[in-house]
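Undergrad: Residue numbering for the sequence shown follows numbering that gives the first Met the number 0, starting at 0 and increasing by one per position. All C-beta atoms in this analysis are idealised placements derived from N, C-alpha and C, irrespective of residue type, glycine included. Model, not experiment: these values are computed from the prediction.
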Amino acid sequence: MEKNVFTEIRVKYNTLSKNQKTVANYILKNSKKCVRMTLSELGKECSLSETTIIRFINKLDYKSYQAFRLDMAQDIIKDGGTMDEENCDIEPGDSISDVKRKVIRNASSAINDISKLIDDNKLISVIEMIEKAERVMFFGAGGSGVIAMDVYHKFLKCGKDVIHENNSHLALIHSAHLTSNDMLVLISHEGESREVLECARLAQSQGAKVLAVTSYMNSDLARMADVCIFSSTNDAAYYTEAMVSRLVQLVIMDILVVAYSTRLDAPEAREALEVSDKALTEMKKRNEAEGGKK
């Protein structure tokens with residue numbers, strides 16, 4: 000997996016202390032300037048001690064400031080030197096053109112982080128888990144429920160035996176009836192929803208494997224799950240990280256669906272998709288015919 004300093008900062012942002020978040024915010028907004036700064040200069044700009052800066056880079060698994068600064072410079076070059084060229088913080092009074100540009104920039108940055116954040120081997124492992132599972136259940140609390148329904152629909156079209164339930168009480172019942180041959184996919188931005196955590200507990204008590212898709216590495220869900228896929232998000236005023244996380248979660252789920260489809264036996268995959276499309280097409284034709292009669 001390709002490591003990127005700025006992706007690491009965004010993904011681990013919620014694990015940082017208040018002062019460390021101050022450093023993170025400054026670096027994300029002034030990355031090109033920071034590359035030329037000494038440890039002491041960065042500390043002065045953030046009004047923090049050098050010790051706080053060191054603790055911050057240690058949190059990102061760096062032992063020295065020099066190594067951190069070198070990787071930061073290399074990542075700016077890899078990203079085409081486009082960072083810091085514009086302010087992407089949404090502010091009161093922004094024109095519709097500015098809002099459009101900033102929302103697209105923030106969302107694009109989070110989506111691009113996927114390739115740097117999620118290891119190919121982990122994706123392969125998840126796909127193999129889905130292949131081996133007799134049934135796969137998808138559940139997401141709150142806004143993530145929309146993502147769970149979408150991926151359920153796509154795997155259903157592929158012919159996979161899948162379950163989805165919006166009602167949290169019914170989701171708990173389904174989770175309690177999963178077996179060691181099944182798999183539960185839980186989608187949650189913060190990973191702290193009581194319903195999501197209880198679904199994980201019930202499923203694991205029956206031996207089912209649990210995959211978590213969440214933005215928070217230090218969440219209870221991340222600690223409980225057998226496998227985790229983490230998403231990177233950008234937090235900005237008027238455009239919260241939860242909003243961006245939905246886009247990232249959707250892209251991650253699409254990666255899983257497409258990868259699963261390509262690994263299926265070609266004739267089997269085509270047949271499953273053709274049966275699904277035929278069912279929808281025939282219904283559409285009947286609706287059109289009935290509408291014409293009226």
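(1) Kindly identify the DSSP beta-bridge partner or partners of LYS156.
(2) Just verifying my parser: in three-state terms, what is the DSSP assignment at GLY139?
(3) Candidates ARG104, GLU191, LEU38 and VAL125: which alpha carbon is nearest LYS208's?
(4) Under 7 Å Cβ to Cβ from MET242, same chain only, skipping five residues before and after it: list those, please.
(5) For ALA175 versus LEU201, is the C-beta spacing smaller than 7 Å?
(6) Could you compute how far the alpha carbon of GLU289 sits from the alpha carbon of LYS277?
(7) If you draw a straight line from the alpha carbon of VAL226 to that of THR261, how long is it in whole angstroms?
(8) So ILE146 and MET252 are in contact, right, with Cβ under 8 Å, and what is the actual spacing, rounded?
(9) Identify every run of the beta strand (DSSP E) within the segment 167 to 199, keeping only runs that are complete inside it and at least 3 residues long; order them along the chain.
(10) Whose C-alpha, out of LEU177, LYS28, ARG100 and LEU196, is nearest the C-alpha of ALA298?
(11) Is the beta carbon of LEU155 sitting closer than 7 Å to the one on VAL161?
(12) Can you tell which of SER46, TYR64 and LYS43 has the C-alpha that lies nearest to the C-alpha of ILE53?
(13) Please confirm whether any heavy atom of the ligand GDP lies closer than 6 Å to the CB of LEU183.
(14) Measure the CB-CB distance between SER244 and HIS188 and report whether it falls below 7 Å.
(15) Please report the straight-line C-alpha distance between CYS157 and SER275, rounded to a whole angstrom.
(16) Buried or exposed: ARG320, going by 16 or more other Cβ atoms within 10 Å of its Cβ?
TA: On the basis of the supplied data:
(1) Position 157 of the sequence shown, counting from 1, holds the residue named residue 156. Answer is none; LYS156 lacks a bridge partner.
(2) In the sequence shown, the residue the question calls residue 139 occupies position 140. In the structure shown, GLY139 adopts extended strand secondary structure according to DSSP, grouped into three states.
(3) Translated into positions along the sequence shown, residue 208 becomes position 209. It is VAL125 whose Cα lies nearest to the Cα of LYS208.
(4) What you label residue 242 is simply residue 243 of the sequence shown in a count that begins at 1. Answer for MET242: no residue qualifies.
(5) Position 176 of the sequence shown, counting from 1, holds the residue named residue 175. Position 202 of the sequence shown, counting from 1, holds the residue named residue 201. The Cβ atoms of ALA175 and LEU201 sit closer than 7 Å to each other.
(6) Walking along the sequence shown from the start, residue 289 turns up at place 290. Walking along the sequence shown from the start, residue 277 turns up at place 278. Approximately 18 Å, taken between the alpha carbons.
(7) As a working note, residue 226 is residue 227 in the sequence shown. As a working note, residue 261 is residue 262 in the sequence shown. Straight-line spacing of the CA atoms in VAL226 and THR261 works out to 22 Å.
(8) Locating residue 146 in the sequence shown gives position 147, where the first residue counts as 1. Locating residue 252 in the sequence shown gives position 253, where the first residue counts as 1. The pair is a contact, with the Cβ atoms about 6 Å apart (cut-off 8 Å).
(9) As far as the segment 167 to 199 is concerned, its whole beta strand (DSSP E) runs of at least 3 residues are 182 to 186.
(10) Residue 298 is absent from the structure shown; the chain starts at 0 and stops at 293.
(11) The residue given as residue 155 occupies position 156 in the sequence shown. The residue given as residue 161 occupies position 162 in the sequence shown. Yes, the pair counts as a contact, with Cβ atoms nearer than the cut-off.
(12) In the sequence shown, counting from the first residue as 1, residue 53 sits at position 54. Taking each of SER46, TYR64 and LYS43 in turn and checking the Cα distance to ILE53, the smallest one comes out for TYR64.
(13) Of ligands this structure carries none, so the ligand GDP is not represented either.
(14) In the sequence shown, the residue the question calls residue 244 occupies position 245. In the sequence shown, the residue the question calls residue 188 occupies position 189. Closer than 7 Å, so yes.
(15) As a first step, residue 157 must be located in the sequence shown, where it is residue number 158. As a first step, residue 275 must be located in the sequence shown, where it is residue number 276. Each residue's CA atom was taken as its position, placing CYS157 and SER275 some 8 Å apart.
(16) Residue 320 lies beyond the stretch modelled for the chain, which goes from 0 to 293, so this question has no answer here.
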